[in-house]
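K.L.:
Numbering-wise (UniProt numbering), the sequence shown opens with residue 1 and increments by one. Below you will find the structure I want to go over with you.
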Amino acid sequence: MLAHDRSKPRTSDVSCADDVTFESFFLSNHVREGLRRCGFRKPSPVQVKAIPFVKDRRDALIQAKSGTGKTCVFVIAALEAVKAANNHTQVVILAPTREIAVQISQACLWIGRSLPDLKAFAFIGGLSVEQDVQKLKRCHIIVGTPGRLSWLFKQGYVLTQEVKLLVLDEADKMLEKGMKEDVKYIARRLPRNKQVICCSATFTSEMEALVCALMRNPEKVITNPPLLKFGIKVNEEDGNLVGIKQFLVRVEPHHALDWILVQRKFTALLTLLQTHSFSQCMVFVKYQTRAENLADDAAAAGWPSACLSAHLDQRTRLKALSDLQKLHCRILFATDVGARGIDVENVDLVVNFDVPTEPEGYLHRVGRAGRFGSAGIGVTLVSGPNDEKLFNRILGFTGSKVYELPLDYSGNLWEESVDSFVVHEVAPRTSEKFVRDEAYASNKFASKLVQPAEGKLSRTKRKSDSELSRIFAVMKDALRSDIDSNEPLLSQDLYEKFSKVVGSPCKSETEEALSWLDENFEESDSVDSIWEKYKSAFSEETGHEDVEDQPRREHDFVEHNASRHYNEFWLENFLVETRRIRDEVFEIEYEKTLREFV
């Protein structure tokens, strides 16, 4: 059964009048039958508001809390648009992660099971391109990640003339740098009269404007307000799920070594798991290697565990999610690749092992519990002033009410009123925009041997400079692997920082930039010196004095020849991002090596 069990208590997030049913929307017989067979009986508030618009083929921007039924809305729209007798592609659905894409394709098939010969497939990186090409020969609903789909579009494998509907799930995420160009390219390749539906739990006003640029006079279905504006709550009900109790647990910081702090947090996590009852738990971690190590440690401690991160091959990732859904594991350790869109009904506890770096990330992580109005608990482990500063800034924007949870508290969290706990007081922010770079800077790693060891810190940085050639090699190898699939194979945490600036270069641009680096990069080069070399070479060829003065332009790599500008700016961004993340790469390796040595 795809729908959530209505016999369980549900909160006001998903409650509506008793006399409203899916019959009220005059859906086609096969869609009504599919909903019934999947266990859908009564629509949620967002479904009541949005289904009439999307059924009438109007463009729609849908903002509702995590787990309140947005996916069902656009799946219904997709199934209503499809004519199974026509073998051409008629619906394109974009999702930010591979797991979400697979989940959506499964939902289309489940709800559409009464539609004869319906074909819906997920097209994602990490799986065979050859199989994708075969599937596209007869596929009514395409669901995929922007990277893989844009590559298939550029190679001419997707016939677009019959497409009636484009859906962007987690649209705010997909219109950030790194995915935006692929999304815009796909949208341009589809017919102009297509319907567009954009969904997310979190839209800032800036992101909403970007989304609306893809649509024509969209209907705005907003069941929860956007993030706080100028520190003033929009109304009494914000974007936080009503059924989730949110707590903060303090962990004693360590002034020097990050791996010691990780051990302390892991001990705190085990205490929480052993003390408080739960069905299943998701634990969110900043780094992939850390997530994998913690999953192994939890399994060794007797907790059936799995790991979900971009570092793992795709079949392993899908198996981890399947094990969670089939109750084969109690705990899933995940990076932010699992923070959005994952719907597992029995997950009722979420632990932020590492504080997220942005407000949207916090709301999406905690939203993995409390699905469809059920009860849930969210706990964030906070250690030291940097963690607290970042967490307070996030809460100032989300308006979340968080309570201090003593680690030695042994009462029943499910039955105990939150009034029994001390409220974690946070002053609202007075700026509308959450500056992510500031959040990142305020969350530096303890493994940098932070104060008072200033001398050691400078030696660490000098050592990280010596790692530059290794970092280039890692990134180049990852990008070479990326050429054919156009999917990121670099670790997700690092690739996200990298791709936000670099974007997703297509094959020719990637090959040219990598070729230039191969020929000109020397062991003694720094980031700055290699960039100066490139600028000098460019000036000699073209007569331009400075690459950085050249205008940035968008290119349609299929309809036009790619100009050299893209390569220059791609390389510039490659080098700038390398400078930004090289210390982080070194710290991950440093922590891993130190753990092995000890």
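Idealized CB from N, CA, C, for every residue including glycine. No experiment lies behind these values; they were computed from the predicted model shown.
(1) Count the other CB atoms, across all protein chains shown, that sit within 10 Å of the CB of serine 504; report buried if there are 16 or more and exposed otherwise.
(2) Does DSSP put leucine 287 in a helix, in a strand, or in coil?
(3) Residue ranges of each alpha helix (DSSP H) run of no fewer than 4 residues wholly in the stretch 334–376, ordered along the chain?
(4) Report the rounded CA-to-CA distance for alanine 120 versus leucine 136, giving the unit in angstroms.
(5) Just to confirm the assignment, what range does the alpha helix (DSSP H) spanning cysteine 72 have?
(6) By Cβ distance, which residues of its chain are closer than 6 Å to tyrosine 185, with the 5 residues on each side in sequence left out?
(7) Less than 9 Å between the beta carbons of lysine 55 and threonine 21, yes or no?
(8) For aspartate 313, which residues in the same chain have their Cβ closer than 8 Å to its Cβ, ignoring the five residues on either side in sequence?
(9) Between the beta-carbon of isoleucine 142 and the beta-carbon of phenylalanine 40, is there less than 9 Å?
(10) Is there a Cβ of chain D sitting closer than 9 Å to that of leucine 109, yes or no?
(11) DSSP on threonine 267, reduced to helix/strand/coil?
(12) Could you pull out every residue in the same chain whose Cβ sits closer than 6 Å to the Cβ of leucine 214, ignoring the five residues on either side in sequence?
(13) Taking the alpha carbon of residue 611 as the point to measure from, which residue in Gly370, Asp297, Asp258 has its own alpha carbon closest?
(14) Please look up how many angstroms separate the CB atoms of phenylalanine 391 and glutamate 404, rounded, as I've assumed it's under 8 Å.
(15) From the DSSP secondary-structure annotation, give me the bridge partner or partners of lysine 220.
(16) How would you write the range of the beta strand (DSSP E) that residue 604 sits in, first residue to last?
(17) Under a three-way DSSP split, which group does threonine 380 fall into?
(18) Would valine 221 pass as a contact of phenylalanine 74 if the rule is Cβ separation under 9 Å?
(19) By the DSSP assignment, the alpha helix (DSSP H) with valine 418 in it spans what residues?
(20) Can you give me the C-alpha to C-alpha distance between valine 379 and arginine 189, rounded to a whole angstrom?
(21) Under a Cβ-count criterion, where at least 16 other Cβ atoms within 10 Å of its own Cβ denotes burial, should proline 116 be classed as buried or exposed?
(22) Please identify the residue among Lys83, Lys177, Arg58, Val163 whose C-alpha is closest to the C-alpha of proline 96.
(23) Out of Leu210, Ala171, Leu175, Glu219, which has the shortest C-alpha to C-alpha gap to serine 200?
(24) On the CB-based measure, 16 or more other CB atoms within 10 Å of its CB, does asparagine 352 come out buried or exposed?
(25) Sort out for me which residues DSSP pairs alanine 306 with in a bridge.
(26) Between residue 601 and valine 91, which are expected to be in contact by the criterion C-beta below 8 Å, what is the C-beta distance as a whole number of angstroms?
(27) Closest to valine 355 by CA distance: which of Gly370, Lys286, Thr316 is it?
(28) Have a look at histidine 140 and leucine 61 and give me their C-alpha separation to the nearest angstrom.
(29) Report the option in Asp182, Cys307, Asp169, Lys173 whose CA atom is closest to the CA atom of proline 146.
(30) I need the straight-line Cα distance from glutamine 246 to leucine 269, nearest angstrom please.
(31) Look at the alpha carbon of arginine 330 and the alpha carbon of isoleucine 104, and state the distance between them as a whole number of angstroms.
(32) If we ignore side chains and look at the alpha-carbon of each, how far apart do lysine 229 and aspartate 387 end up?
(33) Name the two residues that bound the continuous beta strand (DSSP E) containing alanine 122.
(34) Output the distance between the C-alpha atoms of histidine 30 and lysine 164, rounded to the nearest integer angstrom.
(35) For leucine 27, name the three-state secondary structure that DSSP assigns.
P.N.:
Taking the structure as given:
(1) As a working note, residue 504 is residue 504 in the sequence shown. Only weak support is given to the placement of serine 504: the predicted model assigns it a pLDDT of 47, under 50, and the value that follows is read from those uncertain coordinates. Looking at its Cβ environment, which holds 16 or more other Cβ atoms inside 10 Å, serine 504 is buried.
(2) Translated into the one-based positions of the sequence shown, residue 287 becomes position 287. This sequence places tyrosine at residue 287; leucine is not what is there. Note: tyrosine 287 maps to coil in three-state DSSP.
(3) As far as the stretch 334–376 is concerned, its whole alpha helix (DSSP H) runs of at least 4 residues are 359–366.
(4) What you label residue 120 is simply residue 120 of the sequence shown in a count that begins at 1. What you label residue 136 is simply residue 136 of the sequence shown in a count that begins at 1. Their Cα atoms are separated by approximately 10 Å.
(5) Counted from its first residue, the sequence shown places residue 72 at position 72. From DSSP, the alpha helix (DSSP H) with cysteine 72 extends over 70–81.
(6) Against the sequence shown, residue 185 aligns to sequence position 185. Once the five neighbours on either side are set aside, the close Cβ partners of tyrosine 185 are Ser150.
(7) As a working mapping, residue 55 is identified with position 55 in the sequence shown. As a working mapping, residue 21 is identified with position 21 in the sequence shown. Not in contact: lysine 55 and threonine 21 (Cβ atoms no closer than 9 Å).
(8) Sequence index remark: in the sequence shown, residue 313 carries index 313 (1-based). Correct list, in chain order: Gly126.
(9) The count along the sequence shown starts at 1 and reaches residue 142 at position 142. The count along the sequence shown starts at 1 and reaches residue 40 at position 40. No. Outside cutoff.
(10) Among the chains in the structure shown there is no chain D, since it carries only a single protein chain.
(11) Locating residue 267 in the sequence shown gives position 267, where the first residue counts as 1. Looking at threonine 267 - three-state DSSP - the assignment turns out to be helix.
(12) As a first step, residue 214 must be located in the sequence shown, where it is residue number 214. For leucine 214, where only same-chain residues beyond five positions count, the Cβ hits under 6 Å are Ala187, Val196.
(13) Nothing can be reported for residue 611, as the shown portion of the chain is limited to 1 through 598.
(14) As a working mapping, residue 391 is identified with position 391 in the sequence shown. As a working mapping, residue 404 is identified with position 404 in the sequence shown. Contact doesn't hold; Cβ gap of about 12 Å is too wide.
(15) Locating residue 220 in the sequence shown gives position 220, where the first residue counts as 1. Answer by DSSP bridge pairing, in chain order: Leu61.
(16) The structure shown does not extend to residue 604, since the chain is modelled only from 1 to 598, so the question has no answer here.
(17) Here residue 380 refers to the residue found at position 380 of the sequence shown. Note: threonine 380 maps to strand in three-state DSSP.
(18) Taking the sequence shown and counting its residues from 1, one reaches residue 221 at position 221. Taking the sequence shown and counting its residues from 1, one reaches residue 74 at position 74. Result no, Cβ atoms of valine 221 and phenylalanine 74 do not sit closer than 9 Å.
(19) If you number the sequence shown from 1, residue 418 lands on position 418. Valine 418 -> no alpha helix (DSSP H), and no H or E assigned at all.
(20) Mapped onto the sequence shown, residue 379 falls at position 379. Mapped onto the sequence shown, residue 189 falls at position 189. Each residue's alpha carbon lies about 44 Å from the other.
(21) Start at 1 with the first residue of the sequence shown, and residue 116 comes out as number 116. Exposed, because fewer than 16 other Cβ atoms sit within 10 Å of the Cβ of proline 116.
(22) By 1-based counting over the sequence shown, the position of residue 96 is 96. For the residues Lys83, Lys177, Arg58, Val163, the minimum Cα distance to proline 96 belongs to Lys177.
(23) Position 200 of the sequence shown, counted from the start, is the residue given in the question as residue 200. Per the Cα distances, Ala171.
(24) The residue labelled residue 352 in the question sits at position 352 within the sequence shown. It counts as buried.
(25) What you label residue 306 is simply residue 306 of the sequence shown in a count that begins at 1. Paired residues: Leu332.
(26) What the structure shows of the chain is the stretch from 1 to 598, and residue 601 is not part of that stretch, so it cannot be assessed.
(27) Working through the sequence shown from its first residue, we reach residue 355 at position 355. Closest by alpha carbon: Lys286.
(28) Within the sequence shown, residue 140 is the residue found at index 140, counting from 1. Within the sequence shown, residue 61 is the residue found at index 61, counting from 1. Roughly 23 Å between the two C-alpha positions.
(29) Mapped onto the sequence shown, residue 146 falls at position 146. Checking every option, the nearest Cα to that of proline 146 belongs to Asp182.
(30) Here the question's residue 246 lines up with position 246 in the sequence shown. Here the question's residue 269 lines up with position 269 in the sequence shown. If you take the alpha carbons of glutamine 246 and leucine 269, they lie about 15 Å apart.
(31) Numbered from its first residue, the sequence shown carries residue 330 at position 330. Numbered from its first residue, the sequence shown carries residue 104 at position 104. Taking the straight line from one Cα to the other gives about 23 Å.
(32) Within the sequence shown, numbered from 1, the residue matching residue 229 stands at position 229. Within the sequence shown, numbered from 1, the residue matching residue 387 stands at position 387. Residue placement at lysine 229 cannot be trusted, given a pLDDT of 36 that sits under 50; the coordinates are not used to answer.
(33) Here residue 122 refers to the residue found at position 122 when the sequence shown is read from its first residue. Per DSSP, alanine 122 belongs to the beta strand (DSSP E) from 120–123.
(34) Residue 30 sits at position 30 when you count from the first residue of the sequence shown. Residue 164 sits at position 164 when you count from the first residue of the sequence shown. So the alpha carbons of these two residues sit roughly 19 Å apart.
(35) The residue labelled residue 27 in the question sits at position 27 within the sequence shown. Leucine 27 falls in the coil class under three-state DSSP.
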